[in-house]
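In the working numbering, the protein residues as written are 68 to 382. Heads up, the beta-carbon is just placed ideally off N, CA and C, and yes, glycines get one too.
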Ligand code: SF4
Ligand code: SF4
């Protein structure tokens, strides 16, 4: 496994970051022991970086998965808090529930632009206080927007940016793949540490996984990529691909046989774009939200590409 330093933070992270949303209650909802076992498998394979968020509700999985070696694991979390008090509660919750003395990277969750960052400044000040106390080592934002990356690059207080990037631009809210690559390159030149998310487009690019990961790994300026994993075979497959090794046939088979399904997030606004895009007639709007009929869905991922709010994932 290759390791890189995140900008000027001095924090060394593996190129493969364990995206932990997938094991927790919002997606696979695995029993904690099972999710923790998958995390440990990744750590045993050389992954030293885990990405989570308060929203994911999975701190318990991380506590158990990193038990006895949390000092060697880099943990990133995020909060939607916009007040000082709210962010203080978020940091305390993360420390308490993960059992750690510090969180390596704490981000404002999903910032869109300079205005939303300004609107969260009280929370940023709280993060900076935590950094001084040593309970947080680096601060920044996660974002699905080109404008968010550009705005964060111009903020001297930010150390880390976690942008969305994939070869089809699925989920980028305000621009093309090239726009996002240029924004990432600019932020890197400004000394920010960057690690990408959604390299597989929320599952929509799983059928071209190798190509999609190779693309994201080739984006200059990204130290690491957070990739969601929810089975031991997915860990083995991703570790092999990140190390440039062939995937063992039995691992390939197990990953391809995984029973996947379409997952639609609660924040769906019911705009109907996904239903228009689906040629199988698998999506309809029920009570103002998208609903997928599993018997009709071919898991092609086209609807996920049509959703600007990244509500649709194949898990
Ligand atoms: S495109 Fe997204 S927000 Fe619109 S209805 Fe579909 S899932 Fe919901
Ligand atoms: S994954 Fe493909 S078949 Fe399934 S609902 Fe989306 S567009 Fe339709």
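Cβ-heavy atom distance, residue i to ligand 1, below 7 Å
i           : result
residue 333 : no
residue 240 : no
residue 250 : no
residue 186 : no
residue 348 : no
residue 243 : no
residue 105 : no
residue 336 : yes
residue 374 : yes
residue 354 : no
residue 257 : no
residue 359 : no
Buried versus exposed, by CB contacts within 10 Å (16 or more), residue i
i           : result
residue 134 : exposed
residue 226 : buried
residue 145 : buried
residue 98  : exposed
residue 336 : exposed
residue 96  : exposed
CB contact flag (residue i, residue j, <8 Å)
i           : j           : result
residue 318 : residue 332 : no
residue 233 : residue 283 : yes
residue 286 : residue 248 : yes
residue 103 : residue 138 : no
residue 203 : residue 224 : no
residue 191 : residue 175 : yes
residue 140 : residue 297 : no
residue 267 : residue 302 : no
residue 359 : residue 320 : no
residue 151 : residue 193 : yes
residue 307 : residue 71  : no
residue 184 : residue 222 : yes
residue 143 : residue 172 : yes
residue 94  : residue 382 : yes
residue 209 : residue 177 : yes
residue 372 : residue 271 : yes
residue 114 : residue 81  : yes
residue 334 : residue 364 : no
residue 124 : residue 149 : no
Boundaries of the beta strand (DSSP E) in which residue i is found, first to last residue
i           : result
residue 102 : Premise fails: residue 102 lies in the alpha helix (DSSP H), 99–111, not in any beta strand (DSSP E).
residue 117 : 116–118
residue 228 : 227–230
residue 75  : Run containing residue 75: none; DSSP gives neither H nor E here.
residue 263 : 260–263
residue 86  : 83–86
residue 235 : Run containing residue 235: none; DSSP gives neither H nor E here.
residue 143 : 141–146
Ligand 2 heavy atom lying under 7 Å from the CB of residue i
i           : result
residue 365 : yes
residue 368 : yes
residue 267 : no
residue 378 : no
residue 340 : no
residue 304 : no
residue 328 : no
residue 345 : yes
Unbroken alpha helix (DSSP H) run spanning residue i, endpoints
i           : result
residue 246 : 244–256
residue 281 : 276–284
residue 128 : 126–132
*What residue ranges within the segment 163–216 form continuous alpha helix (DSSP H) runs of no fewer than 4 residues, ordered along the chain?*
181–186 and 188–200
*Tell me the start and end of each unbroken alpha helix (DSSP H) in the segment 292–379 that is at least 4 residues and wholly inside, in chain order.*
299–309, 316–324, 340–344 and 369–373, all fully within the segment 292–379.
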